[in-house]
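**Student:** Protein chains in written order, with the numbering used here: chain W, 36 to 213; chain R, 5 to 295.
Sending over a structure as structure tokens; questions will come in a sec.
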Amino acid sequence: MSVLGNKLPFKAFFVLFILICFTLIIEGSFFSFIFARSMVPDLLLIIVVCLAFLWGEKKGIVLGLICGFLQDLFYGPAIGFFSLAKMISAYFSGLSSREIYKDQIFGPMLTVFLATFVHEFIVYFLVELFWGNKFSFFFALDQIFIPRALYHLFLTLMIYPLLYRAEQKSYFYPLSGK
Amino acid sequence: MNPSVWRVVAILGVGVILLALSLVFFTGEDLAHVNLVKDTFLTGFSQVQGFVARLGASTAGFFQGIFDFRNLQEENKELRKELAERENLRHQILELQKENYRLRGMLDFKERTEYELLPAEVIARDPSNWFETITVNRGALHGVKKNMPVITSQGLVGNILKVSRTSSRVLLLTDSRRAVSALVMRSREPGDVGIVEGSSGESASLRMTNLPPEANIQPGDTVISSGLGGIFPKGLVIGTVLETGLDQYGLLQQAVVLPAVNFNRLEEVFIVMDFPHENEEQEAEGHENEG
């Protein structure tokens with residue numbers, strides 16, 4: 036990759052935009068048809084949390100907001116719903132990265148595990164606030180929050196190394212700040 | 005007579021007999037006793053011939069196999085490729101057969117229904133656990149409008165939630181934001197109207213609530229839309245009653261309803277295009293009945 040190429044910001048935006056759109060499409064139009072509802076992973080959340088972990092909380096907030104906004108456009112009940120949830124999850128992920136080594140997988144795994152709880156809790160709270168949930172909180176905790184968080188924990192094992200390598204190769208420069 | 009003369013005579017005799025037999029044999033004379041000899045001879049000979057031929061063939065095959073090893077490998081590769089292609093084709097045919105079966109059912113339903121139906125394909129589902137929506141490949145360009153009912157030949161699916169140019173989002177019956185006014189098809193008593201909504205828990209069942217305690221409802225009954233909500237036409241099948249009981253306060257009846265539509269396997273649906281006009285009439289009828 037040329038040095039000049041790395042300095043072009045639109046290239047990083049393009050890579051990121053394609054990654055987000057591809058993830059959203061594959062979630063809704065592929066995984067949703069082949070997996071049971073409870074087994075469809077929120078790949079976008081994993082990507083947002085991992086990138087926020089690599090880039091820090093400020094960039095994480097913006098990334099979370101953009102990804103959540105696109106998810107709201109594709110699938111959300113109203114604009115701002117997933118934007119808020121992903122933004123806050125990314126913020127906490129960015130904060131946690133200050134104290135954790137980025138070149139080891141356990142940090143991001145734990146961060147994704149906790150961020151999934153934060154994300155799902157915010158969505159649960161908003162649904163409860165606007166329409167009321169058909170799940171009780173403890174049922175949701177037992178049947179949705181915990182299984183999904185564990186599921187995401189293992190998926191991070193596969194996704195984080197790819198993003199870390201892309202980060203090392205400056206695919207996201209200058210968004211990543213490296 | 006001199007023994008040497010006897011020997012010459014014997015040799016000549018055997019020679020003459022063999023010559024005669026050979027002549028008969030090769031000229032194909034149809035003599036029974038000669039044929040017996042011929043058959044015996046040929047049968048024995050053919051066994052040996054067969055054995056030798058098999059041995060030769062297998063030996064030749066063995067050496068041919070060694071010589072053609074490379075060709076065999078390539079041929080094997082080609083055959084494997086061909087097999088994979090055929091397997092792929094077989095899956096495609098099976099998939100097309102299923103699609104054909106579904107589309108035939110839909111066509112049949114479209115012909116016998118009274119509504120103007122627009123077929124649509126499901127292109128996406130909400131991947132989150134919180135909302136029950138699907139996206140179909142028909143939008144404003146095809147005349148789709150918000151709140152239009154969505155059905156299949158099995159029953160009610162939901163209604164149009166959002167419309168974009170070439171696609172629309174459908175709010176399914178199982179979503180917590182959706183509730184449908186419904187009644188029991190068997191009795192059709194106007195007073196026995198309840199509300200069907202998504203059930204709590206992971207099960208795919210629905211819940212019919214707010215039924216009067218004296219409502220005539222029992223397991224096995226078919227639940228249909230009442231048409232009172234103003235969005236769905238009257239008479240669309242929602243599902244079958246699995247069990248009934250009193251609610252938590254013991255004041256009203258409720259029922260668990262198994263949806264007629266398998267929401268996890270939706271691939272094609274119909275959008276009811278001409279309902280709003282009939283809706284007004286049915287609402288008027290509903291008010292008249294109530295009155």
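Glycine included, C-beta positions come from ideal geometry on N, C-alpha and C.
Going by DSSP in three states, asparagine 75 of chain R sits in which element: helix, strand or coil?
**Tutor:** Helix at asparagine 75 of chain R.
**Student:** I'd like the span of the alpha helix (DSSP H) that includes glutamine 106 of chain W, first residue to last.
**Tutor:** Start and end: 92-109.
**Student:** Compute the Euclidean distance between the alpha carbons of methionine 193 of chain W and leucine 145 of chain R, then round it to the nearest angstrom.
**Tutor:** About 41 Å.
**Student:** Identify, in the order they occur along the chain, each residue of the same chain with its Cβ nearer than 7 Å to the Cβ of isoleucine 3 of chain R, setting aside the five sequence neighbours on each side.
**Tutor:** Shown here, chain R extends from 5 to 295; a query on residue 3 of chain R therefore has no answer.
**Student:** I'd like the list of long-range same chain contacts for glutamine 222 of chain R, defined as Cβ closer than 8 Å, with 5 residues on each side in sequence excluded.
**Tutor:** So the list reads Val245 and Thr248, once near-sequence residues are dropped.
**Student:** Does chain R have any CB closer than 9 Å to the CB of tyrosine 110 of chain W?
**Tutor:** With 9 Å as the cut-off, tyrosine 110 of chain W counts as an interface residue toward chain R.
**Student:** Report yes if the CB atom of valine 184 of chain R is closer than 9 Å to the CB atom of valine 200 of chain R, and no otherwise.
**Tutor:** Yes, Cβ-Cβ distance for valine 184 of chain R and valine 200 of chain R is below 9 Å.
**Student:** Starting from isoleucine 194 of chain W, follow the alpha helix (DSSP H) in both directions and report where the run begins and ends.
**Tutor:** Its alpha helix (DSSP H) spans residues 181-203.
**Student:** Between which two residues does the alpha helix (DSSP H) carrying threonine 151 of chain W extend?
**Tutor:** Note, threonine 151 of chain W: alpha helix (DSSP H), 141-165.
**Student:** Would you please verify whether the beta carbon of proline 131 of chain R is less than 9 Å from any beta carbon of chain W?
**Tutor:** At least one chain W Cβ lies under 9 Å of proline 131 of chain R.
**Student:** DSSP three-state call for serine 131 of chain W: helix, strand or coil?
**Tutor:** Serine 131 of chain W: helix per DSSP, three-state reduction.
**Student:** State the DSSP-derived secondary structure class of glutamine 158 of chain R, mapped to helix, strand or coil.
**Tutor:** It is coil, neither helix nor strand.
**Student:** Could you give the residue range of the alpha helix (DSSP H) that holds phenylalanine 274 of chain R?
**Tutor:** Unbroken run through phenylalanine 274 of chain R is the beta strand (DSSP E), 272-276; no alpha helix (DSSP H).
**Student:** Hey, how far is the Cα of alanine 264 of chain R from the Cα of alanine 208 of chain R?
**Tutor:** Near 11 Å, if we compare the C-alpha coordinates of alanine 208 of chain R and alanine 264 of chain R.
**Student:** Anyone know if the C-beta pair for alanine 120 of chain W and leucine 149 of chain W falls short of 9 Å?
**Tutor:** Cβ distance not < 9 Å, so alanine 120 of chain W and leucine 149 of chain W don't count as in contact.
**Student:** Thinking just about the alpha-carbon of each residue, which of R:Asn163, R:Gly159, R:Pro131 and R:Tyr253 is nearest to the one in isoleucine 109 of chain W?
**Tutor:** It should be noted that the sequence gives phenylalanine, not isoleucine, for residue 109 of chain W. Closest option to phenylalanine 109 of chain W, Cα to Cα, is R:Pro131.
**Student:** Per the DSSP calculation, alanine 183 of chain R is bridged to which residue(s)?
**Tutor:** Alanine 183 of chain R pairs with R:Glu201.
**Student:** Assuming phenylalanine 1 of chain R and proline 153 of chain R are in contact, meaning their beta carbons sit under 8 Å apart, how far apart are those beta carbons, in whole angstroms?
**Tutor:** Residue 1 of chain R is absent from the structure shown; chain R starts at 5 and stops at 295.
**Student:** Quickly, what does DSSP pair glycine 249 of chain R with across the bridge? List them, please.
**Tutor:** Answer is R:Gln258.
**Student:** From the beta carbon of asparagine 163 of chain R, is the nearest beta carbon of chain W less than 9 Å away?
**Tutor:** By this cut-off, asparagine 163 of chain R is not an interface position.
**Student:** In angstroms, rounded to a whole number, what distance separates the CA positions of leucine 210 of chain R and serine 203 of chain R?
**Tutor:** Their Cα atoms are separated by approximately 5 Å.
**Student:** Do valine 260 of chain R and valine 161 of chain R count as a contact pair if the criterion is CB distance below 9 Å?
**Tutor:** Result no, Cβ atoms of valine 161 of chain R and valine 260 of chain R do not sit closer than 9 Å.
**Student:** Using a Cβ-Cβ cutoff of less than 8 Å, which residues in the same chain neighbour glycine 147 of chain R once the five nearest sequence positions on both sides are dropped?
**Tutor:** For glycine 147 of chain R, where only same-chain residues beyond five positions count, the Cβ hits under 8 Å are Leu122 and Met277.
**Student:** Considering Cα atoms alone, identify which of R:Gly231, R:Gly234, R:Gly233 and R:Leu255 is closest to alanine 219 of chain R.
**Tutor:** Among R:Gly231, R:Gly234, R:Gly233 and R:Leu255, the Cα nearest to that of alanine 219 of chain R belongs to R:Leu255.
**Student:** Hey, quick one: how far does the beta strand (DSSP E) through alanine 128 of chain R stretch, first residue to last?
**Tutor:** Taken as a continuous stretch (DSSP letters only), the beta strand (DSSP E) holding alanine 128 of chain R covers 121-129.
**Student:** Between which two residues does the beta strand (DSSP E) containing valine 148 of chain R stretch?
**Tutor:** Careful: valine 148 of chain R lies outside any beta strand (DSSP E) and carries neither H nor E.
**Student:** Which term fits tryptophan 90 of chain W, buried or exposed, when burial requires 16 or more other beta carbons within 10 angstroms of its beta carbon?
**Tutor:** When all chains shown are included, tryptophan 90 of chain W counts as buried.
**Student:** Considering only their Cβ atoms, is the gap separating serine 124 of chain W from alanine 175 of chain W smaller than 9 Å?
**Tutor:** Their beta carbons are not under 9 Å apart, which means alanine 175 of chain W does not touch serine 124 of chain W by this criterion.
**Student:** Which residue wins for smallest C-alpha separation from proline 112 of chain W, given the options R:Ala88, R:Phe279, R:Phe135 and R:Arg74?
**Tutor:** Closest by alpha carbon: R:Phe135.
**Student:** Between histidine 154 of chain W and aspartate 107 of chain W, is the Cβ-Cβ spacing less than 9 Å?
**Tutor:** Against a cut-off of 9 Å, the Cβ pair of aspartate 107 of chain W and histidine 154 of chain W comes out as no contact.
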